[in-house]
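Shown next, in structure tokens, is the structure this report addresses.
Numbering (the working numbering), first residue to last: 182 to 478.
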């Protein structure tokens with residue numbers, strides 16, 4: 182008991198004074214203790230040819246991606262699939278810097294078409310054939326993404342290294358109006374969403390959903406997703422469990438906590454958080470995406 186308390190105190194001290202040490206320890210663990218299934222898969226030692234069609238999940242930052250990733254994983258495993266979260270493995274092992282880009286040949290070698298869910302997907306070249314896979318896409322109003330991005334960086338996330346700490350400090354110092362106009366941030370969010378719009382949105386056989394609709398009717402989202410993934414009535418208890426977890430955790434529209442990873446989730450918050458001219462700037466910047474995904478300008 183005393184050893185556990187001492188460990189917790191040490192961890193909290195590191196989190197406050199040297200958070201990048203925890204981050205590097207996590208990367209070390211990912212290569213030695215964690216992600217054994219993912220490492221076995223990448224070495225060709227794990228197959229599931231009798232499983233359901235593999236699942237690809239495409240989204241972007243600040244889109245409840247971690248929660249949705251967990252929901253897909255649990256539903257898919259209930260249908261006989263195996264979750265190998267390549268996205269998390271790549272990130273925690275230090276190999277992922279931003280959104281990775283794969284050519285079609287690389288994707289074909291890595292992504293077995295039967296039996297697996299791979300976690301949040303990268304940007305894949307347009308000539309990659311997605312027809313053998315089940316494809317899930319979740320997007321969000323990019324104007325709200327930019328607002329959520331600011332609060333996540335400036336207040337919620339523990340810095341993983343010195344650069345992250347500098348970026349977070351600069352965001353806090355210069356404020357949200359400055360942050361949401363930064364070209365590199367706009368290009369990242371716009372680029373990922375444009376990839377999802379051009380390659381997957383509206384395509385036959387793709388499960389496409391907006392974050393706002395998901396948060397407005399989470400039960401409907403889980404029910405439709407379960408049906409798409411082939412989870413029948415035998416998965417009723419799991420579906421109810423997933424819905425209860427979301428509702429118990431406080432969905433969109435609840436109170437705001439800027440220090441929380443899941444801060445607010447409220448749709449249209451950019452109109453409340455930003456000056457009118459800044460909101461209009463983002464509307465013009467993302468106009469094509471807003472129209473494509475059916476958002477009101």
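For glycine and all other residues, C-beta sits at the position ideal for the given N, C-alpha and C.
Under the three-state reduction of DSSP output, residue 234 falls in the strand class. The segment 408 to 424 and the segment 248 to 261 touch, with three or more beta-carbon pairs separated by less than 8 angstroms. Measuring C-alpha to C-alpha distances from residue 448 to each of 329, 263 and 260 identifies 329 as the nearest. If you check the CB distance, residue 361 and residue 241 do not come in under 8 angstroms.
Residues of the same chain with a CB within less than 8 angstroms of the CB of residue 292, apart from the 5 flanking positions on each side, are 235, 237, 299 and 314 in chain order. Straight-line spacing of the CA atoms in residue 230 and residue 420 works out to 26 angstroms. When the Cα atoms are used, residue 247 and residue 393 turn out to be separated by approximately 16 angstroms.
Look at residue 242 here: in three-state DSSP terms it is coil, with no helix or strand label. Annotation for residue 300: no alpha helix (DSSP H) segment contains it, though the beta strand (DSSP E) segment containing it runs 297 to 301. Residue pairing for residue 388: DSSP places it in a beta bridge opposite 317. Separation of the CB atoms of residue 331 and residue 352 is rounded to 6 angstroms, and the pair is thereby assigned contact status at 8 angstroms. Residue 249 is a Cβ neighbour of residue 319, given a cutoff of 8 angstroms. Taking all protein chains in view, the Cβ of residue 307 is surrounded by fewer than 16 other Cβ atoms within 10 Å, so the residue is classified as exposed.
Within the model, the alpha-carbon separation for residue 465 versus residue 471 is close to 9 angstroms.
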